[in-house]
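Per UniProt numbering, the sequence shown starts with residue 1, numbered consecutively. Quick reminder that beta carbons are idealized off the backbone N, C-alpha and C, glycines included. This structure is a prediction, so every number in the text was calculated from the model and none was measured. This report concerns only the one structure given below.
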Amino acid sequence: MKLTVGKNMALLVLAALLGLALLTGLEQYLMERVYDGANFGNVNAVPSLKVLGDLRRAFQECSTQAGRLDYDADKAERLKVENKVLAARDAVSNAIRAYETNGCAGGSCFADETDKAWLDTEKPVWQRYQAGLEQVLQASAGQGAARAHQMLLTLDPISDQMLETIDKHIDYNIVIAKKFSDEAVVTKRNAIALTLVICGLMLVAIAAIGYWTSRSILGQLGGEPSEAAEIAARLAEGDLSSDIRVRAGDDSSLMARIKSLIESLEQLANRAYAIGKGDLSQEIRLASDKDRLGIAINEMIRMLRAARDEDDRRNWLKDGYGQVSAALTGDLTTEQLADAAIGLIGRYLDAGRGVFYLYRDAEQRLDLIGSYMYTERNNLGASFALGEGAVGQVARSPSSWR
């Protein structure tokens, strides 16, 4: 399919727009990924570590204050310790609940299923610790410090397990934060590389389409547009001196057609000059069967030839009589008159040869008395009877004289 200049330019613009749209969409997608990876620390990692830190501090406070319940003290002091234990216990429960529901930017702090599994591991340990702590509180209030001390000793392994689990949970969140940070760096690097690749491909595509478009336009023009416009302007002024150079084999471009037009006009101009000087010997070579100007000039040449021939004929009728009279004037014999007459007529008609026979009615015979560029051979053809040979037949049939 042959594309027009407008379609070529539209294709170039469309390729550029598609490339920009693709690049913009890809940039948006990659920026979202980089942002999500980089922002993970703000929306999850840091809040998760803060909640887990609060959980650890609250549990340590609860464990520390619970250890003071086995000391003998007055009732008022023991009540203060119990209140601190209860407050720390509530803080631990609140931290676990926040991690599970709204502790990280108003949402859950779970980074993945493993993160959720760590919390699921901490919750039953904390429930066992709460059950034992409740017994310690009851023993401390009713049975004395000794009983509470014995029960606190049973909570120590649970406390150690809880702290160890929280520490491992914190370590896992640190690993997750570093993983997302590393992924953000990789995503950024990949985004830059992919963007450069897309930009390169887009530039190559636009350059290829632009090169193809320019080649197509120049191929249709056969040269630079400014040069074609200048030649067309000079041609409009009647100047046929433009020297147009086209590629070998180029016969369809605008410049090739203009060159052909200039050559045709130059031929017409030369023939017009020749016609003006009276040269009607050659006709113009037609560019095609639709060459109206060439057909008209050739018709004019033929009409001028016919007019000239008619003038020559009329001039001969007028001047030939005088030439014949002059040629036949003088003291000449019959044979000399015949030779002069047939010679003058033969030269006028551009005849190859001519003969003049005298018909003798009494003898019914034709005798050769004059000739033009004709040689007798042993009196052969010097005399013919009426009806004898071609000459005798012509004499017998006057209608064949024409």
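Per-residue DSSP class, three states only, for residue i
i      : result
Tyr357 : strand
Tyr172 : helix
Leu386 : coil
Tyr374 : coil
Asp279 : coil
Asp367 : strand
Thr195 : helix
Asp289 : coil
Ser397 : coil
Asp167 : helix
Ile345 : helix
Leu332 : coil
Ile284 : coil
Ala351 : coil
Asp339 : helix
Ala362 : coil
Asp160 : helix
Asp182 : helix
Asp311 : helix
Asp120 : helix
Tyr36  : At residue 36 the sequence reads Asp, which differs from the Tyr that was named. Looking at Asp36 - three-state DSSP - the assignment turns out to be helix.
Asp115 : helix
Selected residue, minimal CA-CA separation from residue i, among the options
i      : options                           : result
Arg33  : Thr187, Asp291 and Lys178         : Thr187
Ile96  : Glu263, Phe110, Gly6 and Ser397   : Phe110
Met151 : Ala131, Asn44 and Ala340          : Ala131
Leu194 : Gln65, Leu23 and Ala91            : Leu23
Cys199 : Gly389, Glu27 and Gln393          : Glu27
Val46  : Tyr211, Ile166 and Cys104         : Cys104
Gly6   : Ile217, Ala340 and Pro157         : Ile217
Tyr357 : Arg347, Ile369, Gly346 and Leu349 : Ile369
Phe180 : Ser371, Gly238, Gly219 and Asp112 : Asp112
Asp243 : Gly249, Lys259 and Glu237         : Lys259
Met9   : Gln282, Gly249, Ile209 and Arg147 : Ile209
Leu286 : Asp279, Lys277 and Leu265         : Leu265
Asp120 : Gly107, Asp160 and Tyr99          : Tyr99
Asn44  : Asp115, Asp90, Leu133 and Arg347  : Asp115
Glu61  : Val391, Val92 and Glu183          : Val92
Arg353 : Ile342, Met373, Asp361 and Arg347 : Met373
Asp90  : Tyr129, Val324 and His149         : Tyr129
Leu328 : Trp316, Leu386, Leu344 and Arg314 : Leu344
Asp239 : Glu230, Val246 and Arg247         : Glu230
Arg365 : Ala351, Glu388, Gly346 and Val355 : Glu388
Contact test: residue i Cβ vs the ligand ATP heavy atom, cutoff 6 Å
i     : result
Glu82 : Looking for the ligand ATP in the displayed structure turns up nothing, as the structure carries no ligands at all.
Identity of the residues DSSP links to residue i by a beta bridge
i      : result
Cys104 : Gly107
Chain C within 7 Å of residue i, Cβ atoms only
i      : result
Thr213 : As a matter of chain content, chain C is missing from the structure shown, which is built from one protein chain.
In chain order, each alpha helix (DSSP H) run of at least 4 residues that lies wholly inside the segment 203-274: 225-236
Meets three-Cβ-pair contact criterion under 8 Å: the segment 120-138 and the segment 79-98: yes
Touching by the beta-carbon criterion (3+ pairs, under 8 Å), the segment 161-170 and the segment 49-56: yes
Meets three-Cβ-pair contact criterion under 8 Å: the segment 213-230 and the segment 239-255: yes
Given 8 Å, three or more beta-carbon pairs between the segment 328-339 and the segment 297-304: no
Inter-stretch contact (C-beta, 8 Å, three-pair minimum) for the segment 290-298 and the segment 306-323: no
Entirely enclosed alpha helix (DSSP H) segments - the segment 12-100, minimum 4 residues: 46-67 and 75-100
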